[in-house]
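In what follows, a structure is listed as structure tokens, so that the remarks can point back to it.
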Amino acid sequence: MLKPLGDRVILEAKDEEEQTVGGIVLASNAKEKSQTGKIIAVGNGTVLDNGQTVPMNVKVGDTVIYDKYAGTEVSYEDKKYLVVHEKDLVAVVE
Numbered sequence: 038m039l040k041p042l043g044d045r046v047i048l049e050a051k052d053e054e055e056q057t058v059g060g061i062v063l064a065s066n067a068k069e070k071s072q073t074g075k076i077i078a079v080g081n082g083t084v085l086d087n088g089q090t091v092p093m094n095v096k097v098g099d100t101v102i103y104d105k106y107a108g109t110e111v112s113y114e115d116k117k118y119l120v121v122h123e124k125d126l127v128a129v130v131e
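Mapping of the sequence shown onto the working numbering: residues 38 to 131, in sequence order.
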């Protein structure tokens with residue numbers, strides 16, 4: 038399993054719908070990048086200059102919205118994930 042470092046989280050990005058309301062199937066390059074994902078792993082938090090660790094505001098299982106071009110895509114055991122800094126998370130979906 039992947040374990041993020043510091044203030045990073047690992048997301049499983051949700052796939053966007055492939056059809057428009059009218060039923061037209063979109064080509065993969067025409068689809069917008071997803072901005073919603075489920076957190077599958079969380080780092081320990083940000084370490085301040087004095088050595089104190091600030092805990093993360095999110096937890097495993099949260100569904101979040103993140104900045105459009107945030108993160109780094111990684112592949113692990115034939116699955117694709119997104120590694121994102123906590124500062125690039127916009128909101129938690131409740």
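A virtual CB, placed ideally from N, CA and C, is assigned to each residue, including glycine.
Mapping DSSP to helix, strand and coil, what is A67? Against the sequence shown, residue 67 aligns to sequence position 30. Here the model assigns A67 a pLDDT of 48, short of 50, so the residue's position is not dependable, and the following value carries that caveat. Correct three-state label for A67: coil.
From K40, M38 and V79, residue whose alpha carbon lies closest to that of V101: Counted from its first residue, the sequence shown places residue 101 at position 64. With distances taken between Cα atoms, V101 lies closest to V79.
Would you list the one or two residues that DSSP bridges to V91? Position 54 of the sequence shown, counting from 1, holds the residue named residue 91. Bridge partners of V91: T83.
Is the beta carbon of L42 less than 8 Å from the beta carbon of Y118? By one-based count along the sequence shown, residue 42 stands at place 5. By one-based count along the sequence shown, residue 118 stands at place 81. Result no, Cβ atoms of L42 and Y118 do not sit closer than 8 Å.
Contacting residues, own chain, Cβ-Cβ under 7 Å from V120 (five flanking each side not counted): To locate residue 120, count along the sequence shown from 1; it is residue 83. Excluding residues within five positions, the ones whose Cβ falls inside 7 Å are P41, R45, I47, G108, T109 and V111.
Identity of the residues DSSP links to V126 by a beta bridge: If you number the sequence shown from 1, residue 126 lands on position 89. As written in the sequence, residue 126 is Leu, which differs from the Val given in the question. BP columns for L126 point to Y103.
Enclosing beta strand (DSSP E) for E114 [first to last residue]: As a working mapping, residue 114 is identified with position 77 in the sequence shown. Counting along the chain, E114 falls outside any beta strand (DSSP E), and DSSP gives it neither H nor E.
List the DSSP bridge partners of E49. Taking the first residue of the sequence shown as position 1, residue 49 is located at position 12. Paired residues: K75.
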